[in-house]
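Written out below as structure tokens is the structure these notes cover.
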Amino acid sequence: AATRKLIQNDRWLKLALSAGNAGMWSRDPESDTVLWSDEHYLLYGRNPCTEQFTFGDWMNMVLASDRPMVEATLRKAVSEVGETNHEFRILQPDGTVKWVFLRGQSL
Numbered sequence: 485a486a487t488r489k490l491i492q493n494d495r496w497l498k499l500a501l502s503a504g505n506a507g508m509w510s511r512d513p514e515s516d517t518v519l520w521s522d523e524h525y526l527l528y529g530r531n532p533c534t535e536q537f538t539f540g541d542w543m544n545m546v547l548a549s550d551r552p553m554v555e556a557t558l559r560k561a562v563s564e565v566g567e568t569n570h571e572f573r574i575l576q577p578d579g580t581v582k583w584v585f586l587r588g589q590s591l
């Protein structure tokens, strides 16, 4: 019963992320790796089956002119408890620029 409930919750989460055009991610600062939901990969125009990213790789996707503010926002999010909200631009693999909205909370 517990396994069935976990599977059902996972399906609901994936449906909510897809319907909301949202993605989830987490970062392990010790290894510099980031874990992305499949939906997050799609938002960034990436393939969840073939690509893995470090935090540095992700920062390189952020437009160079937006990086200082994104870095400052993330530093603040790690040092303070509460929600983080920030809008910035990323460079898609095809060279187009896309606005994304970061909303998160440090755990």
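Numbering of the sequence shown is given in the working numbering, commencing with residue 485 and proceeding in unit increments.
Glycine included, each C-beta is placed from N, C-alpha and C at the ideal position.
Model, not experiment: these values are computed from the prediction.
Original post:
Who are residue 491's beta bridge partners in DSSP?
Top reply: As a first step, residue 491 is located in the sequence shown; it is residue number 7 there, counting from the start. DSSP lists no partner for residue 491.
Original post:
Are residue 537 and residue 518 touching if we call contact CB-CB under 8 Å?
Top reply: Mapped onto the sequence shown, residue 537 falls at position 53. Mapped onto the sequence shown, residue 518 falls at position 34. Cβ atoms of residue 537 and residue 518: closer than 8 Å.
Subject >> Same chain, Cβ closer than 6 Å to residue 577, five either side skipped, listed in chain order >> reply: On the sequence shown, position 93 is the one that residue 577 refers to. Excluding residues within five positions, the ones whose Cβ falls inside 6 Å are 529.
Original post:
Who are the near neighbours of residue 532 in its chain, counting only those whose CB is closer than 6 Å to its CB and skipping five residues on each side?
Top reply: Here residue 532 refers to the residue found at position 48 when the sequence shown is read from its first residue. Result list for residue 532: 522 and 525, in chain order.
**OP:** Measure from the alpha carbon of residue 586 to the alpha carbon of each residue in 564, 546 and 488, then state which is nearest.
**Re:** Sequence index remark: in the sequence shown, residue 586 carries index 102 (1-based). When only C-alpha atoms are compared, the closest one is 546.
Subject >> Per DSSP, cross-strand counterpart(s) of residue 584 >> reply: As a position in the sequence shown, residue 584 is number 100, starting the count at 1. Looking at the DSSP assignment, residue 584 forms a beta bridge with 572.
Original post:
If you check the beta carbons only, do residue 554 and residue 572 fall under 8 Å apart?
Top reply: As a first step, residue 554 must be located in the sequence shown, where it is residue number 70. As a first step, residue 572 must be located in the sequence shown, where it is residue number 88. Cβ distance < 8 Å, so residue 554 and residue 572 count as in contact.
Subject >> Rounded straight-line distance, which links the Cα of residue 500 to that of residue 486 >> reply: Along the sequence shown, read from residue 1 onward, the residue named residue 486 stands at position 2. Along the sequence shown, read from residue 1 onward, the residue named residue 500 stands at position 16. Cα-Cα distance, rounded: 21 Å.
Subject >> Spatial neighbours of residue 568 in its chain, beta-carbon cut-off 8 Å, leaving aside the 5 residues before and after >> reply: Taking the sequence shown and counting its residues from 1, one reaches residue 568 at position 84. Cβ within range, chain order: 557, 558, 560, 561, 586, 587, 588, 589 and 590.
Original post:
Under the DSSP definition of a beta bridge, which residues are partnered with residue 523?
Top reply: As a working note, residue 523 is residue 39 in the sequence shown. Per DSSP, none; premise fails for residue 523.
Original post:
By Cβ distance, which residues of its chain are closer than 7 Å to residue 543, with the 5 residues on each side in sequence left out?
Top reply: The residue given as residue 543 occupies position 59 in the sequence shown. The residues are 551.
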